[in-house]
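Read in order, the letters of the first sequence are residues 0 to 192 in numbering that gives the first Met the number 0.
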Amino acid sequence: MKLAREFYEQPTIQVAQQLLGKCLVRVQSEGMMSGIILETEAYIGLDDKASHASRGLTRRNAVMFGPAGFAYVYMIYGMHHCLNIVTEREAYPAAVLIRALQPGEGVELMRARRRKQDIRLLANGPGNLCQAFGIDRSVNGLDLCGGTLFVEDRGCSPADIVVTTRVGVDYAGHWKDMPWRFYIAGHRGVSKP
DNA sequence: TATTGGATCGCC
DNA sequence: GCGATCCAATAG
Numbered sequence: 000m001k002l003a004r005e006f007y008e009q010p011t012i013q014v015a016q017q018l019l020g021k022c023l024v025r026v027q028s029e030g031m032m033s034g035i036i037l038e039t040e041a042y043i044g045l046d047d048k049a050s051h052a053s054r055g056l057t058r059r060n061a062v063m064f065g066p067a068g069f070a071y072v073y074m075i076y077g078m079h080h081c082l083n084i085v086t087e088r089e090a091y092p093a094a095v096l097i098r099a100l101q102p103g104e105g106v107e108l109m110r111a112r113r114r115k116q117d118i119r120l121l122a123n124g125p126g127n128l129c130q131a132f133g134i135d136r137s138v139n140g141l142d143l144c145g146g147t148l149f150v151e152d153r154g155c156s157p158a159d160i161v162v163t164t165r166v167g168v169d170y171a172g173h174w175k176d177m178p179w180r181f182y183i184a185g186h187r188g189v190s191k192p
């Protein structure tokens, strides 16, 4: 069943952990895609220097300050998009970055979009999964309680969760050391364990 | 208005 | 290891 808004209103670390093993579903005119969430990261509050919200409300990060259960999508390095799901209460900026999926339905469409055959290369990274799922800036602000992008609980939960520091946030002072990256053990997510 | 650098990826 | 490639965020 589809996750309700209350799920996303929980503490961000809890949401990030509990999203592992759940199924991200994308419905478009081109087709339907789904994938098991393998890897997530938490970005929490104004003080977290790794978070886009650390310098306060801006046009780009405005969705992070809104209610839980909405998509925060931004472009990075001029060529990739990243998908986050907003968490916690309105006016408190926090979100979970979706970093990797195990492709389920819609593999052929993902292969076409990614121009890769290997199933392991279709959604192994925040930029790659957005390309595979057709997620760009037009998805920013989309409600995950709607019908085109949402998360389903299909009853499977991961046996073991690995906890590490977040990727690509060396600029964030001591915040780079927060153990806010989570992935399903044995899947190896994106970068190095 | 001009400058800077990034929650990445894939090829060298 | 490094270039691609663009826009948001700063500073002026």
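Here a beta-carbon is modelled for each residue, glycine too, at the ideal position from N, C-alpha and C.
Item, Value
"Can you tell me which of the three DSSP states Thr39 falls into?", "strand"
"State the start and end residues of the unbroken alpha helix (DSSP H) segment that holds Thr11.", "11–18"
"My guess is that Ser33 and Gly124 are in contact by the Cβ rule of under 8 Å, so how many angstroms apart are they, rounded?", "With a Cβ gap of about 18 Å, Ser33 and Gly124 do not count as contacting."
"Please list, in chain order, all residues of the same chain as Arg25 whose beta carbon is under 6 Å from its beta carbon, the five residues on each side excluded.", "Met32, Phe132, Leu148"
"Buried or exposed: which applies to Met63, given that a residue is buried once 16 or more other Cβ atoms fall within 10 Å of its Cβ?", "buried"
"In the DSSP assignment, find the unbroken beta strand (DSSP E) run with Pro102 in it and report its ends.", "93–102"
"Under the three-state reduction of DSSP, which class applies to Asn127: helix, strand or coil?", "helix"
"What do you reckon, are the CB atoms on Trp174 and Glu40 nearer than 7 Å?", "no"
"Are at least three pairs of beta-carbons, each pair with one atom in the stretch 40–56 and one in the stretch 92–103, less than 8 Å apart?", "yes"
"Leaving out five residues on either side along the sequence, give the residues of the same chain with a beta carbon under 6 Å from the beta carbon of Leu56.", "Phe64"
"Pull up the CB-CB distance for Ile118 and Val72, whole angstroms please, since I reckon it's below 8 Å.", "Incorrect: roughly 24 Å between the Cβ atoms, too far for contact."
"Extract the residue ranges of the beta strand (DSSP E) inside the stretch 28–77, only unbroken runs of 3 or more that lie entirely within it.", "30–43, 70–75"
"Can you tell me which of the three DSSP states Arg25 falls into?", "strand"
"Would you mind sorting Ser50 into buried or exposed? The rule is 16 or more other CB atoms within 10 Å of its CB.", "buried"
"According to DSSP, is Glu89 part of a helix, a strand, or is it coil?", "coil"
"Of the choices Gly185, Leu18, Leu2, whose alpha-carbon is the least far from that of Ile97?", "Leu18"
"For a test of the three-state rule: what should DSSP assign to Ile118, helix, strand or coil?", "helix"
"Which term fits Asp169, buried or exposed, when burial requires 16 or more other beta carbons within 10 angstroms of its beta carbon?", "exposed"
"Pro10 to Phe69, Cα distance in whole Å?", "15 Å"
"Taking 7 Å as the threshold (C-beta atoms), are Leu121 and Met109 in contact?", "yes"
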